[in-house]
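So the protein sequences, as listed, match chains A and B. Position one of the first sequence corresponds to residue 1 (this note's numbering), numbered consecutively onward. Position one of the second sequence corresponds to residue 1001 (this note's numbering), numbered consecutively onward. Just so it is clear, CB atoms sit at the ideal spot from N, CA and C, and this is done for glycine as well. All figures in this text were calculated on a predicted structure; none of them were measured in a lab. Each remark here refers to the structure printed beneath this line.
2 protein chains.
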Amino acid sequence: MTSSSSGPGIRPVTALPPGEVPEVVISRLPQYVRILSQLLDAGEEVTNSQQLGEQLQVTPAQIRKDLSYFGRFGKQGRGYVVRDLLRELKQILGLNSEWNVAVVGVGRLGNAILNYPGFNPDGFHLVAAFDNNLANVGREVGGVSVQPMAEMAQTVADRSISIAIVAVPSAHTQTVIDQLVACGIRAILNYAPINAQVPDGIRVRSIDPVLALQSMTYYLTEDGPSINGSTAAR
Amino acid sequence: MTSSSSGPGIRPVTALPPGEVPEVVISRLPQYVRILSQLLDAGEEVTNSQQLGEQLQVTPAQIRKDLSYFGRFGKQGRGYVVRDLLRELKQILGLNSEWNVAVVGVGRLGNAILNYPGFNPDGFHLVAAFDNNLANVGREVGGVSVQPMAEMAQTVADRSISIAIVAVPSAHTQTVIDQLVACGIRAILNYAPINAQVPDGIRVRSIDPVLALQSMTYYLTEDGPSINGSTAAR
DNA sequence: GACTGTGAAAAGTTTCACAGCT
DNA sequence: AGCTGTGAAACTTTTCACAGTC
């Protein structure tokens, strides 16, 4: 790696802290899990990096490299046993565990989330819901009884909740997230269009359809994206 | 730019095709727009890369570099005029235009999307909705009348729709996307948990809360992410 | 004095290409 | 023969650091 002919002294060659897996790699694993699940459902018993790459639109080399961070799951000359690789990846991601999830905010969006059937099949269980509007407290939404915010700490502890989905108005989001962090929550899925600040070690992912749309319009302008000065207004 | 003392020969130093802006840069611009809007609402007249970086949790250098792909928007020694930079970025992203958007699929999710008030303030107008379930056709949802799929091509053309939001079951998503592409749609926001295949030049962004959750559980396992047999310390 | 804009260095990520196992 | 696993190369993205400008 130190191929640079210059530089007389010691070069720190290992860029990555040993044992650390790049975050981009982690972010791709769930997609591998999904494809493997589909292959399993379709009755496929073996696959290979070529086939997986086609499904995901990435190069076979990338898939092999990603997997190599965790071990050697394939058989040379044959490929991967779908069921085995799926089990390994789920294990790595912690998807063999069941995860209890709290939803904070039971407005229109929170309601939709609590009624959405797509989380449970993947091992996520929405087991609690909180709202600061007393009119909502006590209501039954998606099989869960809405509790007041004051009960959050207790319930999070009692029910071993480690993940929260935040669906409150932007103005309240940072406060709610601070409360959740204080309760020991370490992963947050945020639906508000804001950039929440959290301490180190707390993971946040945001669902932000407006940002997604806005990052596409750039490519939609009449005659292609305008380049630095030339091609001005449309 | 200052020292234009170019080298002796022709060196392909620029790895990037000239005039091309990296996609990661584009994906950050909407966030800059959002922060600048907030600063403007808060009455701030000027800002700088330091302040923007704090809000977005990125380095000031990155912000300056990102902006430098498009021009020189700051004043040395002073920073950026909030209003001006905001206008420039909106221009670059095409957010000064109004965009007509179609929603395909008016089930629970499509309903929630059509009733969500968060798109319009940003210049996106949900002006049409389609569903293949005739029981839904003719219903009025979020101020839009649901049309049969068969009318899609006509309506997309008539109403200059260039963006679609797809909220149909996974099994139908690829078919619907193919139809949309055939109608001339070039940007798609997909809510189904699948990896859609589209021709070159068509942009797709997916909203996928399950993938987001699954990419966080890795970091939640009891004693830190396990590394290939051994266990990483925390 | 303060802050931008930007080449150049560093860090990170992807792809290549091939030895080696089945 | 077919495909993995992996060092090394190629490429991309971020960060540094400072000349230049206000």
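Within 9 Å, strictly: CB atoms of residue i and residue j
i, j, result
"Glu1140 of chain B", "Phe1124 of chain B", "no"
"Ala1102 of chain B", "Val1156 of chain B", "yes"
"Leu213 of chain A", "Ile1163 of chain B", "yes"
"Ile1188 of chain B", "Ala1196 of chain B", "yes"
"Ser37 of chain A", "Gly79 of chain A", "no"
"Asp1066 of chain B", "Leu1029 of chain B", "yes"
"Val104 of chain A", "Ile165 of chain A", "yes"
"Ala1167 of chain B", "Val1106 of chain B", "yes"
"Ile1194 of chain B", "Ser1170 of chain B", "yes"
"Arg186 of chain A", "Ala1112 of chain B", "no"
"Asn1100 of chain B", "Gly1142 of chain B", "no"
"Ile1207 of chain B", "Ile207 of chain A", "yes"
Alpha-carbon spacing of residue i relative to residue j, whole angstroms
i, j, result
"Val1082 of chain B", "Thr1047 of chain B", "6 Å"
"Pro1148 of chain B", "Ala1129 of chain B", "9 Å"
"Thr1221 of chain B", "Glu1044 of chain B", "43 Å"
"Gln31 of chain A", "Arg205 of chain A", "16 Å"
"Thr1175 of chain B", "Gln1051 of chain B", "46 Å"
"Ile1035 of chain B", "Leu89 of chain A", "37 Å"
"Pro1008 of chain B", "Phe1070 of chain B", "The predicted position of Pro1008 of chain B is uncertain, since its pLDDT is 37 and thus under 50; no value can be drawn from it."
"Val146 of chain A", "Asp1158 of chain B", "45 Å"
"Asp41 of chain A", "Leu93 of chain A", "20 Å"
"Val1058 of chain B", "Arg1064 of chain B", "11 Å"
"Leu1180 of chain B", "Ala192 of chain A", "29 Å"
"Gln76 of chain A", "Leu95 of chain A", "27 Å"
"Leu134 of chain A", "His1172 of chain B", "40 Å"
"Val1024 of chain B", "Leu1086 of chain B", "19 Å"
"Phe73 of chain A", "Met1216 of chain B", "23 Å"
"Arg120 of chain A", "Asn1136 of chain B", "It should be pointed out that residue 120 of chain A corresponds to Asn in this sequence rather than to Arg. Roughly 27 Å separates the two Cα atoms."
"Gln91 of chain A", "Met152 of chain A", "29 Å"
"Gly1118 of chain B", "Val1144 of chain B", "16 Å"
"Asp1084 of chain B", "Val1033 of chain B", "11 Å"
"Ser269 of chain A", "Tyr1218 of chain B", "There is simply no residue 269 of chain A to check, as chain A begins at 1 and stops at 234 in what is shown."
"Gln62 of chain A", "Gln55 of chain A", "13 Å"
"Pro1199 of chain B", "Ile1177 of chain B", "11 Å"
"Gly138 of chain A", "Asp122 of chain A", "27 Å"
Strand pairing of residue i, partner residues [DSSP]
i, result
"Ile956 of chain B", "Given a span of 1001 to 1234 for chain B in the structure shown, any question on residue 956 of chain B remains unanswerable."
"Ala1129 of chain B", "B:Val1103, B:Val1146"
"Val1181 of chain B", "In DSSP, Val1181 of chain B forms no bridge with anything."
"Val204 of chain A", "A:Ile188"
"Phe124 of chain A", "A:Trp99"
"Lys1090 of chain B", "Lys1090 of chain B is not bridged to any residue."
"Lys75 of chain A", "A:Gly79"
Three-state secondary structure (DSSP) of residue i
i, result
"Gln1147 of chain B", "strand"
"Val1137 of chain B", "coil"
"Thr47 of chain A", "strand"
"Val1081 of chain B", "strand"
"Ile1194 of chain B", "coil"
"Gln38 of chain A", "helix"
"Tyr218 of chain A", "helix"
"Val1058 of chain B", "coil"
"Gly1235 of chain B", "In the structure as shown, chain B begins at 1001 and stops at 1234. Residue 1235 of chain B is therefore absent and cannot be evaluated."
"Glu20 of chain A", "coil"
"Val117 of chain A", "According to the sequence provided, residue 117 of chain A is Pro. The question's Val does not apply to it. Coil."
"Pro1209 of chain B", "helix"
"Pro1199 of chain B", "coil"
"Arg159 of chain A", "coil"
heavy atom of the ligand ATP below 8 Å from residue i C-beta
i, result
"Arg1186 of chain B", "The model depicted lacks the ligand ATP and carries no ligand whatsoever."
Using a beta-carbon distance cut-off of less than 8 Å, what residues from the segment 1021–1039 of chain B approach chain A?
Val1021, Ile1026, Ser1027, Leu1029, Pro1030, Gln1031, Val1033, Arg1034, Ile1035
Listed in chain order, which residues of the segment 198–211 of chain A have Cβ atoms closer than 9 Å to some Cβ of chain B?
Gly201, Arg203, Val204, Arg205, Ser206, Ile207, Asp208, Pro209, Val210, Leu211
What residues in the segment 1151–1181 of chain B bring their beta carbon closer than 7 Å to a beta carbon of chain A?
Ser1162, Ile1163
Relative to chain B, which residues along the segment 70–93 of chain A have a C-beta separation below 8 Å, given in chain order?
Phe70, Gly71, Ile92, Leu93
Which of the residues in the segment 1047–1064 of chain B, read from start to end, lie with their CB under 8 Å from any CB of chain A?
Gln1055, Leu1056, Gln1057
Using a Cβ-Cβ cut-off of less than 8 Å, give me the residues of the segment 1117–1147 of chain B that come near chain A, in sequence order.
Gly1118, Phe1119, Asp1122, Phe1124
Check distances from the C-beta atoms of the segment 1180–1196 of chain B to those of chain A and list, in chain order, the residues that come in under 9 Å.
Arg1186, Ala1187, Ile1188, Leu1189, Tyr1191, Pro1193, Ile1194, Asn1195
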